[in-house]
Amino acid sequence: MSATLTPQIDRARSLTPLPLACASCGHGAGATPDAICSNCLGPLEPVYDAARRLPTREEIAARPRSLWRYREWLPFEGDPVHALDVGWTPLVEAPRLAARLGVARLWLKLDAHSFPSLSFKDRVVTTAINAAEAFGIDVIGCASTGNLANAVAAAAARAGKPAWIFVPEDLEIGKLVATTVFAPNLVRVRGNYDDVNRLCAQVADRFGWGIVNVNLRAYYGEGSKTMAFEIAEQLGWRLPTAVVTPMAGGSLVTKLRKGFTEARDAGLVARELPRQYGAQAEGCAPIVRLADRGDDVLIPEVPSTIARSLAIGNPADGLFASRILRHSGGAGQVVSDHELVAAIRLLAETTGIFAETAGGVTMAATLKLAEQGKLRADDEVVVCLTGHGLKTVEAVQDTILDAPIIAPKIREVAALVASHAA
Amino acid sequence: MSITIHLPSVLAAHAGGTRAIETGGATVGTALDQLVSRYPQLGPRLRDAHGAPYPFVTIYLNDEDVRLVGGFEAAVRDGDEVTIVPAVAGG
Ligand SMILES: Cc1ncc(COP(=O)(O)O)c(C=O)c1O
Ligand SMILES: [Zn+2]
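Read top to bottom, the protein sequences are chains A and B. Residue numbers for the first sequence, in the numbering used here: 1 to 422. Residue numbers for the second sequence, in the numbering used here: 423 to 513.
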């Protein structure tokens, strides 16, 4: 089957979400559009049947190239209805960057090229919108720092569902337009993401909508695990020794760990799990600072950084993510706004890839980790670039000043060429 | 002196279904203590065993995360609103 065709799925078995249980106290909740334990308010998580039949490497290889090839690790029985062709983003090797960092090998996991909305949020929206469908919820929505807004708006448009999307009013124009073009109900809130998030927790409680990262969060988060499975499979069913990811709410780091662990437990990969490194901007780094302190009490921050997609001062999974960084043998790393801009440019100039500000944070953190010797000569590193640069052109728009403007005259070109040669 | 405390439905279930409750108190902490004396089941869901903020809720004083404005010690004034929201949301 061609990778460019939407996979055909025979909808013989109707879609049923798996039951949930509390990750903190174990209380069972059944299959429900609710992400909070009624007993302890901890996070609910899907419960998989430990005795279910898992596919072999060969069976997975024969499946369509989408994140549904790992469906046994996604929180449903039966066949998905929406977003059948999301996932399977490129993993490209970057030898020039590896040489520069002094590591054995380095790959870029390019969720910047995710279909359809150019960020890894397409993965989480894929599982969330299918959960909404299975629960008979028509209206979907989210609180977003930008990329999730794009992903929810695109998925809702394609599925023909109404969407209510809440963002900070002053997001980058690219993030706003890549939402409004799909004609959802976009609400721009006066405040930062943490204000928007609090509002959406109240909205989900009031209106019975499927807010993907609030009440559908237990199903939503599982979508991110597929990035770990893809990395393992694309490396020939091997794991890297180190993985660097951006962090906002901390969910991606947590779910990557879960994905790597599940791939190993299923016998798909043999090696030790990778060290995980998490990157944040200096102006909003509550998870890195928590990991550095090594205690268990997150201190919220008021964000101030151009990396708007990562600007969450009160991250929901901050504690879990900080523990994973430490227990995996990795660490957190902060970078300045100046460093993230330089890293976007370095990445572009050495790999031909244009990442958004979150990618700049991740790339700059990778450089600093290598400088400090935390990434080593024998390391095989995967850097997760989770959003596309065209969404945040403001960060590097000064580069256009390097381009001369001339009259359409050959002698002007000749003069330019001569001045370059000089 | 009257403070309104807003509960999410998951906590309202531990307060006889009430979602907005009037209390008194001079600080966020004492206002919550008054709430807990009326609905003791809320106690362990607002403070941990050491009396520190329970990690699975975020408490707001008039839209501000209370941890950014003094925590349980933050002073409250007549008409203030305290809003409690499950912490595991978003991102
Ligand atoms: C491009 C990009 N990368 C990474 C993240 C961080 O994800 P998480 O909130 O799961 O830590 C976000 C969050 O919005 C994002 O937009
Ligand atoms: Zn629980």
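All residues carry an ideal CB built from backbone N, CA and C; glycine is no exception.
Which residues DSSP lists as bridging residue i, in chain order
| i | result |
| --- | --- |
| PHE76(A) | PRO17(A) |
| ALA331(A) | TYR277(A) |
| LEU141(A) | In the sequence under discussion, the amino acid at residue 141(A) is Gly, which differs from the Leu named in the question. GLY141(A) is bridged to TRP164(A) and ILE211(A). |
| HIS436(B) | HIS436(B) pairs with nothing; no bridge assigned. |
| THR449(B) | ALA497(B) |
| SER119(A) | GLY387(A) |
| VAL92(A) | LEU108(A) |
| PRO46(A) | LEU20(A) |
| VAL382(A) | TRP107(A) and VAL243(A) |
| ALA355(A) | HIS388(A) |
Reduced DSSP secondary structure (H/G/I, E/B, other) of residue i
| i | result |
| --- | --- |
| GLY26(A) | coil |
| SER336(A) | coil |
| GLY249(A) | coil |
| HIS388(A) | strand |
| MET1(A) | Bear in mind that a pLDDT of 40 at MET1(A), under 50, signals an unreliable position, so the number given afterwards is only what the model happens to contain. MET1(A) falls in the coil class under three-state DSSP. |
| LYS109(A) | strand |
| TYR482(B) | strand |
| CYS200(A) | helix |
| VAL413(A) | helix |
| ASP487(B) | strand |
| SER322(A) | helix |
| ARG188(A) | strand |
| PRO477(B) | coil |
| ASP502(B) | coil |
| ARG441(B) | coil |
| HIS428(B) | strand |
| ALA134(A) | helix |
| ALA421(A) | helix |
| ILE269(A) | It is worth fixing the name first, because residue 269(A) is Val in this sequence and not Ile. DSSP places VAL269(A) in coil when its eight states are reduced to three. |
| ILE424(A) | This structure gives no information on residue 424(A), because the portion of chain A shown stretches from 1 to 422. |
| ASP402(A) | helix |
| ALA348(A) | helix |
| ALA316(A) | coil |
| PRO286(A) | helix |
| ARG469(B) | strand |
| VAL510(B) | coil |
| LYS374(A) | coil |
| GLU59(A) | helix |
| MET423(B) | coil |
| TRP425(A) | Residue 425(A) lies beyond the residue range present for chain A, which begins at 1 and ends at 422; the question has no answer from this structure. |
| THR261(A) | helix |
Contact set between residue i and chain A, taken where Cβ atoms lie within less than 8 Å
| i | result |
| --- | --- |
| THR480(B) | ARG198 and ASN314 |
Cβ-Cβ distance between residue i and residue j below 7 Å
| i | j | result |
| --- | --- | --- |
| THR305(A) | ASP265(A) | no |
| LEU347(A) | ALA358(A) | no |
| VAL187(A) | PHE166(A) | yes |
| LEU91(A) | THR6(A) | no |
| ALA156(A) | ALA149(A) | no |
| GLY332(A) | GLY389(A) | no |
| GLY87(A) | SER66(A) | yes |
| ALA316(A) | ALA448(B) | no |
| PHE229(A) | ALA270(A) | no |
| LEU74(A) | GLU222(A) | yes |
| MET17(A) | ALA31(A) | First, the amino acid is wrong: residue 17(A) is Pro here, not Met. Contact: yes. |
| VAL196(A) | VAL189(A) | yes |
| TYR476(B) | LEU468(B) | yes |
| ILE481(B) | ALA453(B) | no |
Contact set between residue i and chain A, taken where Cβ atoms lie within less than 9 Å
| i | result |
| --- | --- |
| PRO462(B) | By Cβ distance, chain A contributes nothing, its closest Cβ being about 15 Å from PRO462(B), past 9 Å. |
| SER459(B) | Neighbours of SER459(B) on chain A: none; closest Cβ ~21 Å, over 9 Å. |
| ALA435(B) | SER38 |
Neighbour flag for residue i against chain E, beta carbons, 7 Å
| i | result |
| --- | --- |
| ILE36(A) | Among the chains of the structure shown, chain E does not appear; the protein chains present are A and B. |
Contact set between residue i and chain A, taken where Cβ atoms lie within less than 7 Å
| i | result |
| --- | --- |
| ASP470(B) | Those do not exist, as ASP470(B) stays about 10 Å from chain A at its closest Cβ, beyond 7 Å. |
| SER431(B) | ASP205 |
| ASP502(B) | By Cβ distance, chain A contributes nothing, its closest Cβ being about 16 Å from ASP502(B), past 7 Å. |
Residues that residue i contacts on chain B, provided the C-beta gap is smaller than 7 Å
| i | result |
| --- | --- |
| VAL214(A) | ALA511 and GLY512 |
| ALA143(A) | GLY512 |
Residue i: contacting residues in chain B (beta-carbon distance under 8 Å)
| i | result |
| --- | --- |
| VAL302(A) | LEU490 |
| CYS40(A) | ARG467 and PHE478 |
| ARG326(A) | Simply none; closest approach about 17 Å. |
| ARG293(A) | Neighbours of ARG293(A) on chain B: none; closest Cβ ~15 Å, over 8 Å. |
Interface partners of residue i on chain B, CB under 9 Å
| i | result |
| --- | --- |
| GLN202(A) | HIS428, PRO430, THR505 and VAL507 |
| LEU18(A) | None at all; the shortest Cβ gap to chain B is about 18 Å. |
| ASP491(A) | With chain A represented from 1 up to 422, any question about residue 491(A) goes unanswered, as that position is not in the structure. |
* Asked: If you measure from each residue's Cβ to the nearest non-hydrogen atom of ligand 3, which ones come out under 5 Å, in chain order?
  -> As far as ligands go, the structure on display features ligand 1 and ligand 2 and does not contain ligand 3.
* Asked: What residues in the region 241-266 of chain A bring their beta carbon closer than 8 Å to a beta carbon of chain B?
  -> For the region 241-266 of chain A, which is checked against every Cβ of chain B, the residues closer than 8 Å are ALA248, GLY249, GLY250 and SER251.
* Asked: Relative to chain B, which residues along the region 332-348 of chain A have a C-beta separation below 9 Å, given in chain order?
  -> none
* At a Cβ cut of 8 Å, what residues of the region 40-60 of chain A count as close to chain B, listed as they run along the chain? -> Cβ proximity to chain B below 8 Å picks out CYS40, LEU41, GLY42 and PRO43 from the region 40-60 of chain A.
* Output, in sequence order along the chain, the residues in the region 167-198 of chain A whose CB is closer than 9 Å to any CB in chain B. => GLY191, TYR193, ASP194, ASP195, VAL196, ASN197 and ARG198
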